[in-house]
Amino acid sequence: MSHSDLCLLPITELAAQIQQQVLSPVELTEAYLARIEALDGRVESYLTITPERARADAIRAEQEIHQGIYRGPLHGIPVALKDLFDTAGIRTTANSRLLFDRIPAQDSTIVARLHASGAVLLGKLKLYEFAMGVPYPGDPIPPARNPWNLERIPGGSSSGSGAALAAGLCAGSFGSDTGGSIRHPAHMSGVVGLKPTYGLVSRHGMIPLSWTLDHAGPMARTVQDVALLLQAVAGYDPADPASVRVKIPDYATAFPGIGRGVRIGVPEAYIESTPGLHADILRAFNEALDVLRTLGATVRPVTLPSAELVDAVFHPILLSEAIAYHSAWLATRREDYGPGFWNRLVPGIIFTGAEYVQAQRGRTLFCRAIEELMATVDLIAMPTVRETAPTLAEHMGVAHPTRGPFTGLFNLTGQPSISVPCGFDRQGLPIGLMLSGRAFDEVTVLSVADAYQQATDWHRQHPPLVG
58 MSHSDLCLLP
68 ITELAAQIQQ
78 QVLSPVELTE
88 AYLARIEALD
98 GRVESYLTIT
108 PERARADAIR
118 AEQEIHQGIY
128 RGPLHGIPVA
138 LKDLFDTAGI
148 RTTANSRLLF
158 DRIPAQDSTI
168 VARLHASGAV
178 LLGKLKLYEF
188 AMGVPYPGDP
198 IPPARNPWNL
208 ERIPGGSSSG
218 SGAALAAGLC
228 AGSFGSDTGG
238 SIRHPAHMSG
248 VVGLKPTYGL
258 VSRHGMIPLS
268 WTLDHAGPMA
278 RTVQDVALLL
288 QAVAGYDPAD
298 PASVRVKIPD
308 YATAFPGIGR
318 GVRIGVPEAY
328 IESTPGLHAD
338 ILRAFNEALD
348 VLRTLGATVR
358 PVTLPSAELV
368 DAVFHPILLS
378 EAIAYHSAWL
388 ATRREDYGPG
398 FWNRLVPGII
408 FTGAEYVQAQ
418 RGRTLFCRAI
428 EELMATVDLI
438 AMPTVRETAP
448 TLAEHMGVAH
458 PTRGPFTGLF
468 NLTGQPSISV
478 PCGFDRQGLP
488 IGLMLSGRAF
498 DEVTVLSVAD
508 AYQQATDWHR
518 QHPPLVG
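According to our numbering, the sequence shown is numbered sequentially starting from 58.
Listed below in structure tokens is the structure:
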């Protein structure tokens with residue numbers, strides 16, 4: 058098998074070969090490192106590559122497996138991380154000049170748990186500055202590019218994760234999602250991204266943007282791979298104040314299928330009234346619903362309650378919390394922020410404490426209304442984003458880029474929400490289907506997304522760049 062074919066296999070297949078000692082973790086890691094060297098000069102997905110660390114991890118994994126010590130399906134699997142998860146001895150920058158020389162002394166919880174699972178760290182991936190800025194002319198680090206069309210963005214803010222996965226430059230990744238930053242690049246890069254329930258995955262050691270909206274979650278090329286990654290990191294962490302004690306199921310095997318009677322609600326009026334919704338996205342979404350129906354789901358229209366509250370509560374919370382985190386730097390290092398981040402952050406200065414409190418009160422009302430809706434359906438289906446990937450030229454320096462009103466809803470409520478490939482537009486750019494479930498019911502979200510993926514072949518297609 059060629060290195061190209063090997064690097065595009067799902068984690069599930071790689072893990073089976075490694076466990077059976079048909080495939081060497083060292084061989085697999087060298088294949089990924091060679092592929093990164095060959096392709097990432099064009100894709101620009103990595104901010105820091107760690108070949109020495111990767112080779113050491115791979116050698117350790119291979120030795121342990123030969124000794125009969127098998128840590129599970131991530132043992133020997135090469136992964137890469139959005140560069141806001143602390144890695145001991147390896148710089149973690151959030152793609153900001155303020156932190157370009159920052160080298161943490163400790164691993165984030167996600168990194169520590171991945172290390173315990175035997176995963177191999179290939180490096181740190183690009184993102185928009187502090188997970189909110191946008192690419193801007195003159196930025197010291199060039200932005201990641203979409204492997205489906207190198208003149209287009211891969212989505213953000215977990216841009217490097219989406220690009221690297223689509224190009225076969227890592228087997229799995231972790232990103233952060235405050236308003237859609239896992240699902241947005243999953244949609245635009247044609248991969249799978251899960252925003253887990255708030256409190257399920259620790260954010261300890263993750264550079265924050267908004268404490269009450271931030272989520273950390275897995276990204277991969279298949280739903281089953283996402284489940285394996287989630288399995289490795291989910292669970293209570295006393296170091297994260299938002300972490301919740303819940304029983305962790307076996308996500309890797311909890312795929313009962315879609316099941317007759319699974320109820321999927323579709324907020325049709327909300328979707329169809331979205332300004333700028335591309336016709337190809339609506340077409341692909343409706344075709345995906347037809348597939349879900351053929352698999353046995355009951356799909357019916359629902360009304361999204363209190364939808365008019367979303368923007369009014371989301372932005373004051375996001376920007377006020379971001380201002381709070383950045384307050385010291387704003388006073389002393391304002392000139393070190395890139396304009397792409399600064400232009401998005403500065404409107405938050407106008408929000409008062411009273412407005413923040415009122416926004417949180419409105420959030421509570423919205424969450425209660427959604428909870429009542431979720432008593433009548435098992436999942437809510439929506440397009441992930443209203444448009445496919447714009448060009449870098451169109452996106453570069455845009456002060457207030459919009460991704461549509463769909464993803465941020467579920468950061469407010471904290472519900473699990475996944476984006477899975479569901480088609481392409483007329484220009485050959487990927488489109489995502491978003492499925493969102495009840496809090497801590499990742500099993501249903503993953504099961505239905507996996508059933509849809511098994512019934513379609515969108516995820517088996519690869520960009521021309523990678524073959």
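Just so it is clear, CB atoms sit at the ideal spot from N, CA and C, and this is done for glycine as well.
Distance check for residue j and residue i, CA to CA, integer angstroms please.
i: ALA111; j: LEU90; result: 9 Å
i: PRO209; j: HIS123; result: According to the sequence provided, residue 209 is Arg. The question's Pro does not apply to it. Looking at the two C-alpha atoms, the distance is approximately 44 Å.
i: ALA385; j: ALA411; result: 22 Å
i: ILE239; j: GLY465; result: 11 Å
i: SER59; j: VAL79; result: 15 Å
i: GLY489; j: ALA243; result: 7 Å
i: ASP97; j: ALA118; result: 25 Å
i: PRO520; j: VAL319; result: 33 Å
i: LEU522; j: VAL100; result: 9 Å
i: GLN74; j: GLU84; result: 12 Å
i: MET245; j: LEU469; result: 22 Å
i: PHE548; j: TYR327; result: With the chain represented from 58 up to 524, any question about residue 548 goes unanswered, as that position is not in the structure.
i: HIS383; j: THR351; result: 49 Å
i: ILE475; j: ILE380; result: 28 Å
i: ARG128; j: SER493; result: 31 Å
i: ARG92; j: ALA145; result: 25 Å
i: VAL500; j: LEU430; result: 19 Å
i: LEU349; j: ALA506; result: 9 Å
i: LYS183; j: VAL403; result: 23 Å
i: ASN206; j: ASP62; result: 20 Å
i: GLY485; j: ILE167; result: 34 Å
i: LEU226; j: VAL177; result: 13 Å
i: TYR413; j: ALA369; result: 10 Å
i: ILE427; j: GLY213; result: 26 Å
i: ASP114; j: VAL290; result: 18 Å
i: PHE467; j: LEU387; result: 29 Å
i: ARG357; j: ARG425; result: 21 Å
i: ARG148; j: VAL455; result: 28 Å
i: ALA345; j: ILE437; result: 13 Å
i: HIS261; j: ARG170; result: 12 Å
i: ILE160; j: GLU444; result: 37 Å
Check whether the Cβ atoms of residue i and residue j lie closer than 7 Å to each other.
i: GLN288; j: ALA311; result: no
i: SER218; j: GLY232; result: yes
i: VAL442; j: GLY461; result: yes
i: ALA201; j: SER216; result: yes
i: ALA508; j: ILE315; result: yes
i: GLY419; j: LEU366; result: yes
i: PRO396; j: LEU361; result: no
i: LEU286; j: PRO275; result: yes
i: VAL283; j: LEU334; result: no
i: SER249; j: ALA223; result: Reading the sequence as shown, one finds Val at residue 249 and not Ser. Result no, Cβ atoms of VAL249 and ALA223 do not sit closer than 7 Å.
i: SER363; j: GLY405; result: no
i: ALA221; j: SER81; result: no
i: THR107; j: GLY180; result: yes
i: MET439; j: PHE423; result: no
i: ARG140; j: SER165; result: First, the residue type needs correcting, since residue 140 is Asp and not Arg in the sequence shown. Contact flag unset, no.
i: LEU64; j: ALA88; result: According to the sequence shown, residue 64 is Cys rather than Leu. The answer is yes: Cβ separation under 7 Å.
i: PRO130; j: ALA72; result: yes
i: GLN472; j: ALA496; result: yes
i: LEU449; j: VAL280; result: no
i: PHE408; j: PHE187; result: no
i: ALA354; j: ASN203; result: no
Pull the bridge partners of residue i from the DSSP assignment, please.
i: LEU436; result: ILE321 and GLY494
i: GLY180; result: ILE106 and ALA137
i: ALA273; result: SER233
i: MET263; result: PHE142
i: PRO478; result: GLY489
i: ILE147; result: THR144
i: THR448; result: ARG209
Between residue i and the ligand SAM, is the CB less than 6 Å from at least one heavy atom?
i: ALA95; result: The ligand SAM is not part of this structure, which contains no ligands at all.
4-residue-minimum alpha helix (DSSP H) runs that sit fully inside the region 275 to 351, ordered along the chain: 280 to 290, 325 to 329 and 336 to 351
Completely contained alpha helix (DSSP H) runs for the region 346 to 403, where each covers 4 or more residues: 367 to 389 and 396 to 402
The region 269 to 277 / the region 191 to 200 touching (three or more Cβ pairs under 8 Å): no
Ranges of the alpha helix (DSSP H) found wholly within the region 189 to 261, counting only runs of at least 4: 216 to 223 and 240 to 246
At least 3 beta-carbon pairs within less than 8 Å: the region 285 to 304 vs the region 242 to 258: yes
contact_flag[the region 512 to 519, the region 476 to 484] where n(CB pairs < 8 Å) is 3 or more: Touching, yes, given that three or more Cβ pairs across the two stretches are closer than 8 Å.
Three or more C-beta pairs below 8 Å linking the region 128 to 144 and the region 65 to 75: yes
At least 3 beta-carbon pairs within less than 8 Å: the region 328 to 341 vs the region 366 to 381: no
At least three beta-carbon pairs within less than 8 Å, the region 380 to 394 to the region 144 to 157: Contact holds: three or more Cβ-Cβ distances are below 8 Å.
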